[in-house]
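J.: Heads up: the protein sequence lines correspond to chains A and B, in order. Offset between the first sequence (1-based) and this note's numbering: plus 1. Offset between the second sequence (1-based) and this note's numbering: plus 1. Glycine included, C-beta positions come from ideal geometry on N, C-alpha and C.
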Amino acid sequence: MNAPLRYGLQAVLYAAFAATLGYFSTSPAFEPLPAGHALIRLSLNHAGQRKAACRVRSAEELAKLAPNMRAAEDCPRERAAVRVKVDLDGRSVADITAPPAGLSRDGASVAYRRIPVQAGTHRIRVALADDAAGTFDRLREEEVRLEPGRVLVIDFEPGKGGIVLR
Amino acid sequence: MTTSALPAPGPAALAVERADALLDAAFGQRLNPMRHLGALGFFFFWICCASGIWIYVGFDTSALGARESLAAMDRGDWPLGAFARALHRYSADAVVAVTALHLVRELARRHYAAFRRFAWLTGLFALALMLLAGINGYWLAWDQLAQWSLTATIEWFDVLPVFDGSLARNVIDGGQVNDRFFSLLTFLHIGLPLGMLAAMWAHVQRVSPARTSPPRDLAWGSAAMLAALSLARPISLMPAADLAFLPSRIPLDWFFLFPHPVMAWLGPDGLWTVVAAFFALLAALPWATRVPRAPAARVNLDNCNGCARCFADCPYDAVVMVPRTDSRHHPRQAEVDPLLCAGCGVCTGACPSSTPFRRDEVLATGIDMPSAAIGELRARLEARTVALEGGPRIVVFGCRWGAATDALESRSTAAIEFLCAAMAPPSFVEYALRAGADGVLVAACREGDCEFRTGDAIVAARVAGERRPALRPSVPRERVRLAHAGRSDHAALRRELDDFRAALSRLGPRAADHPSLPKRQEIRHG
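Pasting the structure below:
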C-alpha cells in the first residue's frame, strides 16, 4: 500500500475512533423515568420507641451497683422497628419494616424506597408505626399534584410535625 | 521441525491476529494501535490528568459555585477552559475504550495466568478504580446529570447492608449537598485517579521494560485526534442540579455511566450481581483455566559467567543476578524465578554460552530451556543443514508463536523452530551459513506482537548488530533476512521465502556443493 493511501486510511480510522468517542460520550440519551412519570422518594431516618419501658430501680438494686453506675432507671436499649406504609390513590405502593441499626438494635431505623408514579394528581396516605405494638399513630394524607419529572420526598421529621411531604 | 509438543494457540488468539491484520494495512505492524493499547491507556490517562489539573485551577469546589465556574470556562472566561473540559472528557472516554479493547485482546490471547496473573489482577483493580473515578468526575459539575448520577450511585451502594438506605439521606434535598459534602466528592476525584495510577504502576511491575508510552507517531496522531474532537464537539452542561426535579432525557456518557441504565433495568441488587460476577469470573480465570507454557528456564552454573545478558533481556524480570554460590571466580550468577518465567527462551538466546561453535559434543549453555535444549537445537540444525540439496539452500529459524515453518521445509529448505525467535542466538545464523546454507531466514512474529512482548524487537536488534549478542559484522548481511509473520501469515512468509530464494539465486552459491559442519572451537564461557 502506498504512503498517501496509508495516511488516508489512518485518517479515516482516527476519525472513526473520534466519532465513536464523540457519539457515545452523550448519546443515545437515557430516560431516567418513563415519559409522563414522576418520582416519589421515601426516605426516613427515625429511631423507634424503646421496646420495653424504663423501670425505676429500687434502693437495694441501686446499692448493689457501683456508685458511678447508679442510674435511677433501668432502660432496655432495644428499640422497636419502624414500619411505614404508603398508599397511592387507595393502592399500597410501599410497606416497609425498617429494623433498628446497631448490634444492640438500639440505633435509628433507616428506610429508602424509590417509587415511580404516573404524573398527575394523587391522593397519598402515609402511615408510620414506631412502637413495639406496631400502632400506626402517625398519619398524613394529602392530595398532591405531580408534574412529569417532579420528585416528591416523603420524610419523617418530628420537629416539623412528623411525616413530611416536600 | 518443531521444538516440542506444546499445544497450539487458540482460535480466539488467531481471530485477534486476523483483526490486527486489518489495521496493519493502515498503520503498519509497528504502529498498529491494537498492539499499543496499554501504552495508549497510559497516554490518554496523562492527557486526562493534565487537562484535569488545568480545569481544577479554575474550578470552584463549592456546591453552589461548581457549575457556574465550569459554565464560565465554557463561555471562555478561563483560558482554554472549554477546550480543556472537552479534552478531559474525551481523553477519559478514550482510556475506557482502549482499556476495554486491551482487556478483550489479552483475554482472547489467554494472557492472564501463571506469570501474567499479577498483571491481570492489578489490571482488573485499575479498571474498577477507573470506572469509579470517571463516574465520580461527573458529579463535580453539579448539574442535572451530576445529580442523577450521584443519586443513582448512592442508591446502588445503599442496598449494601452496611449502608442500608442511610446514604440516600445525603441527596434527599439540596440542603444536604453542602460545601463540605462537595469537598468530599472533589477529594474523591483526586484520590481515585491516584489510586488508579498506583494500580497501573503495579500492573507493569512484572514486565521489563514496561511499555507505557506509545510510539511517537501514534502518540501524535492520537493527541491530534483528541484535540480535533475537543474543538469540533465541545461538551456542555445540563441545567443546575435540582433534587426536586428529574430531567426526562439525560445525555449519557456510555463509556462511564453505563452502570446506571443497567441498574434501572436490573435494580441495585441486579447490578451488584452483574458487577460481582464480572470481576469474580475475570479474577478467577488465572486459577480456573490452565494456560500451557513451556517449563521454566534452568541455570547451568558450569556455563554461566554472570554476564547478566539474560537478566537484561528477560521480558518478565524472571532472571535476577545473585552472588555466586559455587567456587567459580565470577562474582554473580543468574537465578530464575520459575513463577515469573514465561518459558520463552529469550535468555537462552542472550547467553554467550549458547554459541554452537563450541566443541562440546552436546552443547550446554548457561541458561537453557528444558523443553527445547540448545544442544538439541544445534544437533537438529546440523542434521538438517548438511542434508540440504539443490539450491539455494536456506535455513529458516522460526518462532513457535509465529507463522508455522514446518510447511516451508523441502529438499533445499530446513526449518528449525524455537520457543521464540529471540531464543535463536545470532551465532546460530552464522553457524548455519558456515555449515553450508546459502541463506538464513529468521521468521519472528509480527512487529510488536511477540507473545513474550519483546522477542521480535530483540531479534531484530541482534541481527542488526545493535544488541549483544549481535550477529557478527563478518556475516554477509545479504544472506540473512528477517521476516515478521504472525500465525495466520503463512502465505506472506512463503512469499518472503520465495523472494529471499530469488535474491540468493542472484547472489550465487556461497558454500561448497557438499556442505559440511564448521570446525568447532574450544570456547569456554562458564
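Our contact map puts ARG412 of chain B next to VAL441 of chain B with C-beta atoms below 8 Å; I'd like the distance itself, whole angstroms only.
T.: Translated into positions along the second sequence, residue 412 of chain B becomes position 411. Translated into positions along the second sequence, residue 441 of chain B becomes position 440. No, ARG412 of chain B and VAL441 of chain B are not in contact; Cβ-Cβ is about 17 Å, not under 8 Å.
J.: Please return the same chain residues whose Cβ sits closer than 8 Å to the Cβ of THR21 of chain A, not counting the five positions on each side in sequence.
T.: In the first sequence, residue 21 of chain A corresponds to position 20, counting from 1. Once the five neighbours on either side are set aside, THR21 of chain A has no close Cβ partner at all.
J.: Rounded to the nearest angstrom, how far is the Cβ of HIS38 of chain A from that of VAL118 of chain A, given a contact under 8 Å?
T.: Taking the first residue of the first sequence as position 1, residue 38 of chain A is located at position 37. Taking the first residue of the first sequence as position 1, residue 118 of chain A is located at position 117. At roughly 7 Å, the Cβ-Cβ gap stays under 8 Å, so HIS38 of chain A and VAL118 of chain A are in contact.
J.: Check whether the Cβ atoms of ARG106 of chain B and LEU38 of chain B sit closer than 8 Å, and answer yes or no.
T.: Here residue 106 of chain B corresponds to residue number 105 of the second sequence, with the count starting at 1. Here residue 38 of chain B corresponds to residue number 37 of the second sequence, with the count starting at 1. A contact, by the Cβ cut-off of 8 Å.
J.: Grab the span of the alpha helix (DSSP H) containing LYS520 of chain B for me, first residue to last.
T.: Working through the second sequence from its first residue, we reach residue 520 of chain B at position 519. Unbroken run through LYS520 of chain B: none, as it is neither H nor E.
J.: Mind checking the stretch 155 to 177 of chain B against chain A and listing, in chain order, the residues whose C-beta falls within less than 7 Å of any C-beta there?
T.: Residues GLU156, ASP159, ASP165, GLY166, SER167, ALA169, ARG170, ILE173, ASP174.
J.: Quick check: the Cα distance between ILE368 of chain B and PHE18 of chain A, rounded to an integer number of angstroms?
T.: Along the second sequence, read from residue 1 onward, the residue named residue 368 of chain B stands at position 367. Along the first sequence, read from residue 1 onward, the residue named residue 18 of chain A stands at position 17. When rounded, the distance between both Cα atoms is 45 Å.
J.: Near ASP88 of chain A, what residues of its chain come up, given a Cβ to Cβ distance below 6 Å and the 5 sequence neighbours on each side ignored?
T.: As a position in the first sequence, residue 88 of chain A is number 87, starting the count at 1. Contacts found: ARG126.
J.: Report yes or no: do three or more beta-carbon pairs, one from the stretch 371 to 383 of chain B and one from the stretch 317 to 335 of chain B, lie closer than 8 Å?
T.: Counting Cβ pairs under 8 Å, fewer than three are found: no touch.
J.: From which residue to which residue does the alpha helix (DSSP H) around THR349 of chain B run?
T.: Within the second sequence, numbered from 1, the residue matching residue 349 of chain B stands at position 348. Counting along the chain, the alpha helix (DSSP H) containing THR349 of chain B begins and ends at 347 to 351.
J.: Would you kindly check if the distance between the Cβ of CYS352 of chain B and the Cβ of ALA297 of chain B is under 8 Å?
T.: Stepping through the second sequence from its first residue, residue 297 of chain B is reached at position 296. Stepping through the second sequence from its first residue, residue 352 of chain B is reached at position 351. Cβ distance not < 8 Å, so ALA297 of chain B and CYS352 of chain B don't count as in contact.
J.: With DSSP run on the structure shown, which of helix, strand or coil describes ALA343 of chain B?
T.: Residue 343 of chain B sits at position 342 when you count from the first residue of the second sequence. Coil, per DSSP.
J.: Mind listing, in chain order, the continuous alpha helix (DSSP H) runs of no fewer than 4 residues lying wholly within the stretch 232 to 305 of chain B?
T.: Qualifying alpha helix (DSSP H) stretches, in chain order: 255 to 258, 260 to 289.
J.: For TYR15 of chain A, which residues in the same chain have their Cβ closer than 8 Å to its Cβ, ignoring the five residues on either side in sequence?
T.: Stepping through the first sequence from its first residue, residue 15 of chain A is reached at position 14. Contacts found: none.
J.: Are any of the Cβ atoms in chain A nearer than 8 Å to that of MET322 of chain B?
T.: Counting from one through the second sequence, the residue named residue 322 of chain B turns up at place 321. Not one chain A Cβ lies under 8 Å of MET322 of chain B.
J.: Taking a Cβ distance cut-off of 7 Å, strictly less, list which residues of the stretch 230 to 257 of chain B are near chain A, in chain order.
T.: Here the close residues are LEU230, ARG234, LEU244, ALA245, PHE246, LEU247, PRO248, SER249, ARG250, ILE251, PRO252, LEU253, ASP254, TRP255, PHE256.
J.: Within 10 angstroms of its Cβ, does LEU128 of chain B collect 16 or more other Cβ (buried), or is it exposed?
T.: For the purposes of this step, residue 128 of chain B is identified with residue 127 of the second sequence, where counting begins at 1. Buried, because 16 or more other Cβ atoms sit within 10 Å of the Cβ of LEU128 of chain B.
J.: Is there at least one non-hydrogen atom of the ligand PLP closer than 7 Å to the beta-carbon of GLY162 of chain A?
T.: With respect to the ligand PLP, the structure offers nothing, as it holds no ligand at all.
J.: Excluding the five sequence neighbours on either side, which residues of its own chain have a C-beta within less than 7 Å of the C-beta of ALA109 of chain B, listed in chain order?
T.: One-based indexing of the second sequence puts residue 109 of chain B at position 108. Counting only Cβ-Cβ distances below 7 Å, and skipping sequence neighbours, we find ALA13, ALA14, ALA16, VAL17.
J.: Taking the alpha-carbon of PHE188 of chain B as reference, which of B:ILE236, B:ASN137, B:LEU219, B:ASN171 has the nearest alpha-carbon?
T.: Position 187 of the second sequence, counting from 1, holds the residue named residue 188 of chain B. Nearest of B:ILE236, B:ASN137, B:LEU219, B:ASN171 to PHE188 of chain B, Cα basis: B:ASN137.
J.: In chain A, which residues lie less than 7 Å from ALA27 of chain B when you measure between Cβ atoms?
T.: Within the second sequence, residue 27 of chain B is the residue found at index 26, counting from 1. Under the 7 Å cutoff, chain A gives ARG7, LEU10, GLN11, LEU14.
J.: Determine which residues of the stretch 78 to 104 of chain B have a Cβ less than 8 Å from any Cβ of chain A, and write them out in chain order.
T.: Those would be ARG90, TYR91, ASP94, ALA95, ALA98, in chain order.
J.: Taking Cβ to Cβ, would you say LEU40 of chain A is nearer than 8 Å to ALA112 of chain A?
T.: By 1-based counting over the first sequence, the position of residue 40 of chain A is 39. By 1-based counting over the first sequence, the position of residue 112 of chain A is 111. Not closer than 8 Å, so no.
J.: How long is the line joining the alpha carbons of ASP218 of chain B and HIS103 of chain B, rounded to whole angstroms?
T.: As a working note, residue 218 of chain B is residue 217 in the second sequence. As a working note, residue 103 of chain B is residue 102 in the second sequence. Whole-angstrom Cα-Cα distance: 20 Å.
J.: Which residues, in chain order, does the stretch 98 to 127 of chain A contribute to contact with chain B at a C-beta distance below 8 Å?
T.: From the stretch 98 to 127 of chain A, only ALA99, ALA102, VAL111, ALA112, TYR113, ARG115 have a Cβ closer than 8 Å to chain B.
J.: Any beta carbon from chain A within less than 8 Å of MET226 of chain B's own beta carbon?
T.: Numbered from its first residue, the second sequence carries residue 226 of chain B at position 225. For MET226 of chain B, the answer is yes, since a Cβ of chain A falls inside 8 Å of its Cβ.
J.: Kindly indicate which three-state DSSP category TYR139 of chain B falls into: helix, strand or coil?
T.: Taking the first residue of the second sequence as position 1, residue 139 of chain B is located at position 138. Helix.
J.: Measure the Cβ-Cβ separation of MET74 of chain B and GLY59 of chain B and say whether it is below 8 Å.
T.: Position 73 of the second sequence holds residue 74 of chain B. Position 58 of the second sequence holds residue 59 of chain B. In contact: MET74 of chain B and GLY59 of chain B (Cβ atoms closer than 8 Å).
J.: Applying the 10 Å Cβ sphere with the 16-neighbour rule, what's the burial state of TRP534 of chain B?
T.: Coverage of chain B is limited to positions 2 through 527, which leaves residue 534 of chain B absent and any answer about it impossible.
J.: Of all the residues that make up the stretch 205 to 224 of chain B, which are near chain A by a beta-carbon distance shorter than 9 Å?
T.: If the cut-off is 9 Å between Cβ atoms, the stretch 205 to 224 of chain B has GLY222, SER223 near chain A.
J.: Is there a Cβ from chain B that is less than 8 Å from the Cβ of LEU22 of chain A?
T.: As a working note, residue 22 of chain A is residue 21 in the first sequence. Closer than 8 Å to some Cβ of chain B, the Cβ of LEU22 of chain A qualifies, so yes.
J.: Using a 10 Å radius around the Cβ and a threshold of 16 neighbouring Cβ atoms, would you call TYR139 of chain B buried or exposed?
T.: Here residue 139 of chain B refers to the residue found at position 138 of the second sequence. Answer is buried; the Cβ neighbour count reaches 16.
J.: Once you ignore the five residues that flank PRO332 of chain B on each side, which residues in its own chain have a CB closer than 8 Å to its CB?
T.: Against the second sequence, residue 332 of chain B aligns to sequence position 331. Closer than 8 Å at the Cβ level, and outside the excluded window around PRO332 of chain B, lie GLY307, PRO324, ARG325.
J.: Determine whether the Cβ of TRP140 of chain B lies closer than 8 Å to any Cβ atom of chain A.
T.: Taking the second sequence and counting its residues from 1, one reaches residue 140 of chain B at position 139. Chain A contact via Cβ: absent.
J.: Tell me the start and end of each unbroken alpha helix (DSSP H) in the stretch 365 to 398 of chain B that is at least 4 residues and wholly inside, in chain order.
T.: Counting only runs of 4 or more, we get 375 to 387.
J.: Out of B:LEU185, B:GLY271, B:PRO519, B:ILE236, point me to the one whose CA is closest to ARG360 of chain B's CA.
T.: Position 359 of the second sequence holds residue 360 of chain B. Taking only the C-alpha atoms, the option nearest ARG360 of chain B is B:PRO519.
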